[in-house]
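**Q** One structure, as structure tokens, below. Some questions next.
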Amino acid sequence: MNYSIIRFVIGKILFVEALLLIPSLLVGFLYIGEDGSEPIFALLKTAGLLLVFSLALSVRKPSRTNLYAREGLVIAGLSWFLLSFFGGLPFVFNGTLPSLIDAFFETASGFSTTGSSVITDIEGVEHAILFWRSFTHLIGGMGILVFTLAVLPKTGSESVHIMKAEVPGPIFGKLLSRVRGTARILYVIYFAMTGVLIVLLALSKKMDLFDACCHAFGAAGTGGFGVKSDSVLFYDSAYIDIVLGVAMILFGVNFNLYFLMVYRKFKPVLKNEELRWYLGIITGAIAVICIFLWPRYDSFPRMLRDVFFAVSSIITTTGFTTEDFGKWPLITHVVLLILMFCGAMAGSTGGGLKSSRVAIYVKSAIQEVRQSLSPNRRLPFRFEGKTLDAGIHRSVFHFLAAYCLIFFVCVLIVSADTEDFMTSFSAVAATFNNIGPGLGEVGPVETNYFGLNNVSKITLSVAMIAGRLEIFPVLILFAPKTWHKA
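Numbering (numbering that gives the first Met the number 0), first residue to last: 0 to 485.
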């Protein structure tokens, strides 16, 4: 284990987090007449601490710059915990969340683009703190480590291990031969789409520029932090619902496909199998929920609007709400829970298992049935038009095994703190899959995670980071063997 390179890279990452506080500081100065100077001092204290720790960790360059897969996984896991800890300090210094555990939960939820919250009076929080809270979605969506690779001075080719540890999905691919070039392309596309969304939301006339930015950050990172206790329902606008619903689906698409579209390579996009699965699941879920909701609605357009938004929000693991789906029939809850596990596409900002893995699991089950009917016949497993590598196929099922084990342990811990199974199950499903609102006591309207005890909050915070990093970086971080020098 090369401890010196881990120390050095983490120091640089903390320096980047200090720089990322600047936009929130500017918002604080803009609203200083309305909110006072306390949020500004809270952000400045946090930035000062980050700079001190960054300097202490990175002032001495490592003698060995070798960075292998183990170091990359450790850097990814450790960085997200440290970023969430330091990122939560503005909430503590400002008095928004006096508890460090609550602040860590809130910021882990932001960076992991989960959107679960423990703040009970969101309208009473100052603009600068609200902006920082939503801004964590924007950076966490594509990955703060990927962002660091894009903006820091030239790094070696081994930095691919850091990027691979953070980019979600069973298959990792670079768009260019150099990791830094790949990271920059991803962020140019990401920020351009976010900018367009901000403009579209601001044109609604129901959102001012501040609200438009915060909601665009939430949709872009598929996070879901809002600035109103009623989330998007507060605006009661068909235009906003449609714009955000479509935007969430678009940000749930693999960003490699947008790269191909920029270079006019439309044929591979249209033939992409995971995209067809993703859109097919969305269409099927909307149809099923509409069938069972139809007797409860007087207006079909309003029902379709609510269902489209809910499905878009859940499958992309965003968490915005326009309707209290906790009051819908039980069968719709089952459909929404299935969507929580499915998630968006690999290489997107969404969470969950990812549509590619769901497709592989379903196709594997079908192939197993076919193989049992023809045991002497060799049936190659094909995905995306080509035979899937045996190593990738095996890793997909290893991921499912680890996923189920961690999910079961988390449900067991949280169930000791709740009175009904739906609350504990949906709380873990919503946080582990980076969705945000659950059902029962952690529902989408009027309730949140504030009532849980500290053990549950810590458990769910770890689940959020593990879900965002797809489990293994966190498992490796806590494995004693990882830290052996050999």
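Backbone N, C-alpha and C define an ideal beta-carbon position, used for all residues, glycine too.
Predicted model only: the values in this text are computed from it and were never measured.
Given this structure, state the Cα-to-Cα distance separating HIS348 from ASN375, to the nearest angstrom.
**A** Taking the first residue of the sequence shown as position 1, residue 348 is located at position 349. Taking the first residue of the sequence shown as position 1, residue 375 is located at position 376. First, the amino acid is wrong: residue 348 is Thr here, not His. Each residue's Cα considered, the two are about 42 Å apart.
**Q** CB PHE103 to CB THR135, shorter than 8 Å?
**A** As a first step, residue 103 must be located in the sequence shown, where it is residue number 104. As a first step, residue 135 must be located in the sequence shown, where it is residue number 136. No. Outside cutoff.
**Q** For the 8 Å Cβ check, are there 3 or more pairs between the region 5-19 and the region 63-76?
**A** Touching, yes, given that three or more Cβ pairs across the two stretches are closer than 8 Å.
**Q** So, at 8 Å on beta carbons, what are the nonlocal neighbours of LEU399 in its own chain, with the 5 sequence-adjacent residues on each side left out?
**A** Residue 399 sits at position 400 when you count from the first residue of the sequence shown. Closer than 8 Å at the Cβ level, and outside the excluded window around LEU399, lie LEU352, ARG356, TYR360.
**Q** For PHE254 versus ILE188, is the C-beta spacing smaller than 8 Å?
**A** Counted from its first residue, the sequence shown places residue 254 at position 255. Counted from its first residue, the sequence shown places residue 188 at position 189. Their beta carbons are under 8 Å apart, which means PHE254 touches ILE188 by this criterion.
**Q** Could you name the residues that DSSP lists as bridge partners for LYS385?
**A** Along the sequence shown, read from residue 1 onward, the residue named residue 385 stands at position 386. Note: LYS385 sits in a beta bridge opposite PHE382.
**Q** Roughly how many whole angstroms lie between the Cα atoms of SER3 and SER354?
**A** In the sequence shown, the residue the question calls residue 3 occupies position 4. In the sequence shown, the residue the question calls residue 354 occupies position 355. So the two alpha carbons sit approximately 38 Å from each other.
**Q** Please determine, among GLY442, VAL242, MET302, PHE382, the residue with the shortest C-alpha to C-alpha distance to LEU202.
**A** If you number the sequence shown from 1, residue 202 lands on position 203. Out of GLY442, VAL242, MET302, PHE382, VAL242 has the C-alpha closest to the C-alpha of LEU202.
**Q** So PHE84 is in the alpha helix (DSSP H); what residue range does that whole segment cover?
**A** For the purposes of this step, residue 84 is identified with residue 85 of the sequence shown, where counting begins at 1. 68-86 is the span of the alpha helix (DSSP H), which, as asked, contains PHE84.
**Q** Measure the beta-carbon distance from GLY384 to GLU272 and round it to whole angstroms, keeping in mind my assumption that it falls under 8 Å.
**A** Here residue 384 refers to the residue found at position 385 when the sequence shown is read from its first residue. Here residue 272 refers to the residue found at position 273 when the sequence shown is read from its first residue. That belief holds up - the Cβ atoms of GLY384 and GLU272 are roughly 7 Å apart, short of 8 Å.
**Q** What is the DSSP secondary structure of ASN447, counted as helix, strand or coil?
**A** Position 448 of the sequence shown holds residue 447. Coil, per DSSP.
**Q** With a cut-off of 8 Å, do at least 3 Cβ pairs link the region 410-427 to the region 301-316?
**A** Short answer: they don't touch.
**Q** DSSP state of VAL15, grouped into three classes?
**A** Along the sequence shown, one-based indexing puts residue 15 at 16. In the structure shown, VAL15 sits in a helix (DSSP, three-state: H, G or I).
**Q** Where ILE475 and LYS227 are concerned, what is the direct C-alpha to C-alpha distance, given to the nearest angstrom?
**A** The count along the sequence shown starts at 1 and reaches residue 475 at position 476. The count along the sequence shown starts at 1 and reaches residue 227 at position 228. Their backbone Cα atoms lie some 38 Å apart in a straight line.
**Q** Just confirm the distance between the C-beta atoms of MET247 and SER298, as a whole number of angstroms; I'd bet it's less than 8 Å.
**A** By one-based count along the sequence shown, residue 247 stands at place 248. By one-based count along the sequence shown, residue 298 stands at place 299. In fact, because the Cβ distance is near 23 Å, the residues do not count as touching under 8 Å.
**Q** Rounded to the nearest angstrom, what separates VAL198 and ASP388 at their Cα positions?
**A** By one-based count along the sequence shown, residue 198 stands at place 199. By one-based count along the sequence shown, residue 388 stands at place 389. Rounded to whole angstroms, VAL198 to ASP388 spans 43 Å at the Cα level.
**Q** Among LEU48, LEU24, ILE314, VAL26, which residue has its Cα nearest to the Cα of PHE14?
**A** Position 15 of the sequence shown, counted from the first residue, corresponds to residue 14. Considering only alpha carbons, the answer is LEU48.
**Q** Short check: CB of THR112 to CB of GLY222, under 8 Å?
**A** Residue 112 sits at position 113 when you count from the first residue of the sequence shown. Residue 222 sits at position 223 when you count from the first residue of the sequence shown. In contact: THR112 and GLY222 (Cβ atoms closer than 8 Å).
**Q** Using only the alpha-carbon positions, how far apart do VAL268 and VAL261 sit?
**A** By 1-based counting over the sequence shown, the position of residue 268 is 269. By 1-based counting over the sequence shown, the position of residue 261 is 262. If you take the alpha carbons of VAL268 and VAL261, they lie about 11 Å apart.
**Q** In whole angstroms, what separates the C-alpha of ARG63 from that of LEU81?
**A** The residue given as residue 63 occupies position 64 in the sequence shown. The residue given as residue 81 occupies position 82 in the sequence shown. Roughly 23 Å separates the two Cα atoms.
**Q** Count the other CB atoms, across all protein chains shown, that sit within 10 Å of the CB of GLU367; report buried if there are 16 or more and exposed otherwise.
**A** As a working note, residue 367 is residue 368 in the sequence shown. Classification for GLU367: exposed.
**Q** Between the C-alpha atoms of LYS266 and GLY140, what's the straight-line distance to the nearest angstrom?
**A** As a first step, residue 266 is located in the sequence shown; it is residue number 267 there, counting from the start. As a first step, residue 140 is located in the sequence shown; it is residue number 141 there, counting from the start. LYS266 and GLY140: Cα-Cα distance of roughly 27 Å.
**Q** Within 10 angstroms of the Cβ of CYS403, are there 16 or more other Cβ atoms? Answer buried if so, exposed if not.
**A** Mapped onto the sequence shown, residue 403 falls at position 404. CYS403 comes out exposed.
**Q** Whole angstroms is fine: what's the gap from SER236's alpha carbon to MET206's?
**A** Along the sequence shown, one-based indexing puts residue 236 at 237. Along the sequence shown, one-based indexing puts residue 206 at 207. Their Cα atoms are separated by approximately 10 Å.
**Q** What does a CB cutoff of less than 8 Å around ILE313 pick up in its chain, not counting 5 residues either side in sequence?
**A** The residue you call residue 313 lines up with position 314 of the sequence shown. Once the five neighbours on either side are set aside, the close Cβ partners of ILE313 are LEU335, LEU338, MET339, ILE434.
**Q** Chain B beta carbons: is any one of them nearer than 8 Å to that of LEU77?
**A** In summary, chain B is missing from the structure at hand, where a single protein chain is found.
**Q** Tell me the DSSP secondary structure of TRP482 in three-state form.
**A** Counting from one through the sequence shown, the residue named residue 482 turns up at place 483. If DSSP states are grouped into helix, strand and coil, TRP482 belongs with the helices.
**Q** Buried or exposed for ILE330, going by 16 or more other Cβ atoms inside 10 Å?
**A** Numbered from its first residue, the sequence shown carries residue 330 at position 331. The residue is exposed, with fewer than 16 neighbouring Cβ atoms inside 10 Å.
**Q** Are LEU200 and ALA215 close, meaning C-beta to C-beta below 8 Å?
**A** Sequence index remark: in the sequence shown, residue 200 carries index 201 (1-based). Sequence index remark: in the sequence shown, residue 215 carries index 216 (1-based). Yes; because the gap between Cβ atoms is below 8 Å, this pair is in contact.
**Q** Between ILE464 and ALA107, which are expected to be in contact by the criterion C-beta below 8 Å, what is the C-beta distance as a whole number of angstroms?
**A** Counted from its first residue, the sequence shown places residue 464 at position 465. Counted from its first residue, the sequence shown places residue 107 at position 108. About 6 Å; that satisfies the 8 Å criterion.
**Q** In angstroms, rounded to a whole number, what distance separates the CA positions of LYS264 and THR320?
**A** Position 265 of the sequence shown, counting from 1, holds the residue named residue 264. Position 321 of the sequence shown, counting from 1, holds the residue named residue 320. Roughly 35 Å separates the two Cα atoms.
**Q** Can you list, in chain order, the residues of its chain with a C-beta nearer than 7 Å to that of PHE307? Leave out the 5 residues immediately preceding and following it.
**A** Here residue 307 refers to the residue found at position 308 when the sequence shown is read from its first residue. For PHE307, where only same-chain residues beyond five positions count, the Cβ hits under 7 Å are GLY244, ILE285.
**Q** Is DSSP giving ARG467 helix, strand or coil here?
**A** Within the sequence shown, numbered from 1, the residue matching residue 467 stands at position 468. Here ARG467 sits in helix by DSSP.
**Q** If you drop the 5 nearest sequence neighbours on each side, which residues of the same chain put their C-beta closer than 8 Å to that of TRP276?
**A** As a first step, residue 276 must be located in the sequence shown, where it is residue number 277. The residues are SER354, SER355, VAL357, ALA358.
**Q** Based on Cα-Cα distance, which residue from PRO379, ASP229, GLY450, GLY390 lies nearest to GLY318?
**A** Here residue 318 is taken as the residue at index 319 of the sequence shown, counted from 1. Residue ASP229 is the option with its Cα nearest to GLY318.
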